[in-house]
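Asker: Please find one structure pasted underneath; my questions will follow.
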Amino acid sequence: MAGRWRDPHWALSALSVPLMMGTVSGARGTSTGLHITPLFAASGVNQTPMADCRTVCGLNVSDRCVFIRTNPDCHSSGGFLDYLEGIFCHFPSNLLPLAVTLYVFWLLYLFLILGVTASKFFCPNLSAISTTLKLSHNVAGVTFLAFGNGAPDIFSAMVAFSDPRTASLAIGALFGAGVLVTTVVAGGITILRPFMAASRPFLRDIAFYMVAVFLTFTALYRGRVTLVWALGYLGLYVFYVVTVIVCTWIYQWQRSQSLVYSMPGTPEMLPDSEDDKLSSNTSSYDYGDEYRPLFLYQETTVQILAGALNPLDYRKWRNQSVSWRLLKVFKLPVEFLLLLTVPVVDPDKDDRNWKRPLNCLQLVLSPLVVVLTLQSGTYGVYEIGGLLPVWAVVVIVGTALASVTFFATSNSEPPRLHWLFAFLGFFTSALWINAAATEVVNILRSLGIVFRLSNTVLGLTLLAWGNSIGDAFSDFTLARQGYPRMAFSACFGGIIFNILVGVGLGCLLQIVRSHAEVKR
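Start counting the sequence shown at 6; every next residue gets the next number (the numbering used here).
Next comes the structure, spelled out in structure tokens:
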């Protein structure tokens with residue numbers, strides 16, 4: 006520390022900040038001057054002054070880089086890249102539009118990463134976990150599957166609540182997504198496939214959504230979220246799950262009673278699931294059987310690994326449009342990286358998606374991804390006893406476990422404990438989503454500082470739109486396939502989960518970490 010004080014360049018950079026703030030405040034007046042706030046709320050002798058980072062655009066071009074690097078308000082609490090330093094220190098001022106354009110494209114690609122990870126890796130593992138735990142469809146729909154569909158929103162909210170400067174970003178994103186889904190998406194479903202909505206489930210979801218919105222407005226009016234308030238959000242969601250289960254049980258009981266007392270000679274109604282199975286069996290044909298070889302042969306380990314790591318289906322590629330192919334080209338790097346690091350268990354397949362060489366490789370790479378993405382790699386580089394970093398220990402243990410699994414299993418039959426790979430894939434994909442959501446929040450905050458926009462506006466627009474694109478496409482697809490009621494119910498059930506769990510869990514984790522209330 007003493008060496009740093011003797012360095013004249015470091016001393017000049019440290020002294021330039023208060024001189025710069027004084028110059029700006031004197032030149033621009035009180036209306037546009039810097040807003041100085043103490044870094045610590047407690048009264049002390051030596052408090053570090055902290056200026057609002059949004060005032061950086063009002064400074065001279067030569068002073069912006071020093072201001073960004075020395076002002077604590079401009080530092081991100083997480084993430085792998087420093088976007089503000091990239092804009093103001095590595096790009097010349099005349100290339101600021103180019104930097105913003107590159108950030109916007111990177112933001113769109115991060116939204117693509119969120120969608121691919123959630124749809125192809127996170128949700129299938131959640132479905133496999135619910136099947137392994139033998140949960141009913143109703144319980145799985147309002148818990149695991151709702152968590153899978155709302156994963157980008159939930160993780161973005163948790164990341165935003167972890168920093169008091171971006172808490173309003175989370176509130177704005179959840180409200181913006183709710184408004185978009187209940188208006189544009191729900192209206193689009195009714196236009197694509199008009200239907201008669203079920204009255205009782207619709208009124209139930211509307212009532213719970215209005216209560217969730219009222220709680221959030223009350224929290225915003227109070228200006229803070231306490232521990233009791235956060236637990237109240239989660240408790241309300243548990244009550245919603247119980248209500249859905251009880252209502253479904255009552256409906257099934259009434260339906261069974263009506264079938265028992267039905268008139269003789271009238272055909273009994275089949276359950277909805279059986280109707281769907283009959284209709285699907287009579288109107289569809291599995292064309293994949295035509296592509297199966299006439300003579301089965303045993304693939305080698307190298308062939309199995311190469312086929313499992315190939316994210317491109319050539320038969321599907323030939324039959325798709327140019328726009329689909331272009332989007333697939335952008336998805337290929339992400340899908341290959343996720344296939345390499347995230348195991349996926351599929352209970353609907355005969356082999357449950359067991360790929361012995363790939364799964365053994367994932368036993369090494371998946372824990373490595375977990376320790377390198379958790380808290381932006383802070384725990385991964387920590388040295389145990391000053392000898393080995395955590396990531397090296399994880400690689401050693403994972404290699405030993407992968408070797409035992411490889412020699413104790415075969416390529417043709419999945420092992421008895423293969424279901425554990427679903428939990429490993431769940432945690433790994435969740436951390437991939439969390440890492441991408443952290444970068445999304447940091448980019449949006451940087452763009453808000455450049456354009457002097459509030460976090461609430463960014464949450465209501467860009468973050469809400471980006472996280473809701475996947476839900477919109479999936480709901481529209483369900484409606485086109487003839488399931489408009491299911492898609493319409495998913496609109497309201499999903500946003501109830503996002504608001505209650507997003508605000509409740511995000512605030513609860515921040516309160517536990519900081520031992521203080523979350524303030525807007």
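Note that the Cβ used here is the ideal one computed from N, Cα and C, for glycine as well.
(1) If we count the other Cβ atoms within 10 Å of its Cβ and call it buried at 16 or more, is arginine 260 buried or exposed?
(2) For chain D, is any of its Cβ atoms less than 8 Å away from the one on phenylalanine 493?
(3) If you reduce the DSSP assignment to three classes, tell me which class arginine 227 lands in.
(4) Restricting to Cα atoms, I'd like to know which of Thr231, Pro206, Phe481, Trp234 is closest to valine 246.
(5) Count the CB pairs spanning the segment 411-426 and the segment 78-89 that are closer than 8 Å, and state whether there are at least three.
(6) With 16 other CB atoms within 10 Å as the buried threshold, where does glutamine 257 fall?
(7) Are there three or more Cβ pairs, one per stretch, closer than 8 Å when the segment 462-481 is compared with the segment 168-178?
(8) Hey, out of Leu138, Pro97, Val164, whose CA is closest to glutamine 380's CA?
(9) For threonine 223, does the count of other Cβ atoms within 10 angstroms reach 16, so buried, or fall short, so exposed?
(10) Please return the same chain residues whose Cβ sits closer than 8 Å to the Cβ of asparagine 472, not counting the five positions on each side in sequence.
(11) Could you tell me if isoleucine 516 is buried or exposed, where buried requires 16 or more neighbouring beta carbons within 10 angstroms of its beta carbon?
(12) Considering Cα atoms alone, identify which of Val251, Lys321, Glu340, Phe493 is closest to phenylalanine 126.
(13) Could you give the uninterrupted runs of the alpha helix (DSSP H) lying entirely in the segment 148-206, keeping only those of 4 residues or more?
(14) Could you work out which residue in Gly240, Cys94, Leu332, Leu392 is closest to valine 121 when comparing CA atoms only?
(15) Report, in whole angstroms, the separation of the C-beta atoms of lysine 360 and alanine 313, which I expect to be a contact under 8 Å.
(16) What would DSSP say about alanine 56, mapped onto helix, strand or coil?
(17) Buried or exposed for valine 506, please, with buried defined as at least 16 other CB atoms from any protein chain shown within 10 angstroms of its CB.
(18) Whose C-beta lies closer than 7 Å to the C-beta of asparagine 364 among residues of the same chain, with five residues either side of it excluded?
(19) Between the alpha carbons of phenylalanine 431 and phenylalanine 110, how many angstroms are there, rounded?
(20) Does the distance from the C-beta atom of glycine 509 to that of tyrosine 226 stay below 8 Å?
(21) State the CB to CB distance for the pair glutamine 187 and cysteine 512, rounded to an integer number of angstroms; the pair is presumed to be in contact (CB under 8 Å).
(22) Is leucine 392 helix, strand or coil when you go by DSSP?
(23) With three or more C-beta pairs closer than 8 Å as the rule, is the segment 378-392 touching the segment 305-321?
(24) Going straight from the alpha carbon of cysteine 70 to that of glutamate 90, what length do you get?
(25) According to DSSP, simplified to helix, strand and coil, what is lysine 139?
(26) Please classify threonine 346: is it buried, with 16 or more other beta-carbons within 10 angstroms of its beta-carbon, or exposed?
(27) Quick one: Cα of asparagine 358 to Cα of alanine 405, how far?
(28) Between arginine 450 and tryptophan 437, what straight-line distance do the alpha-carbon atoms span, to the nearest angstrom?
(29) From glycine 34 to valine 190, what does the alpha carbon distance come to, in whole angstroms?
(30) Compare the Cα-Cα distances from phenylalanine 244 to each of Ala521, Gly84, Ile501 and report the closest residue.
(31) Leaving out the 5 sequence neighbours to the left and right, which residues in its chain are closer than 7 Å to valine 369 when beta-carbon positions are compared?
(32) Comparing C-alpha positions only, which one of Glu444, Tyr242, Ile474 sits nearest to glycine 84?
(33) Residue range of the alpha helix (DSSP H) that tryptophan 322 falls in?
(34) Under three-state DSSP, which class holds lysine 333?
(35) Using C-beta distances below 7 Å, list every residue in its chain close to asparagine 447, excluding the 5 sequence neighbours before and after it, in chain order.
(36) Should serine 459 be labelled buried (16 or more other beta-carbon atoms within 10 Å of its own) or exposed?
Answerer: Here's the rundown:
(1) exposed
(2) Looking for chain D here will not work: only one protein chain is present.
(3) helix
(4) Pro206
(5) no
(6) exposed
(7) yes
(8) Val164
(9) exposed
(10) Phe116, Leu119, Pro157, Asp158, Ser161, Ala178, Ala182
(11) buried
(12) Glu340
(13) 149-154, 156-166, 172-185, 191-197
(14) Leu332
(15) 4 Å
(16) strand
(17) buried
(18) Pro348, Phe426
(19) 28 Å
(20) no
(21) It should be noted that the sequence gives threonine, not glutamine, for residue 187. So it is not a contact: roughly 23 Å between Cβ atoms.
(22) coil
(23) no
(24) 7 Å
(25) coil
(26) buried
(27) 23 Å
(28) 20 Å
(29) Interpretation of glycine 34 is limited by its pLDDT of 39, a score under 50 that renders its predicted location unreliable; no figure is taken from the coordinates.
(30) Ile501
(31) Val400, Gly403, Thr404, Ala407
(32) Glu444
(33) 319-324
(34) helix
(35) Ser81, Gly84, Tyr88
(36) exposed
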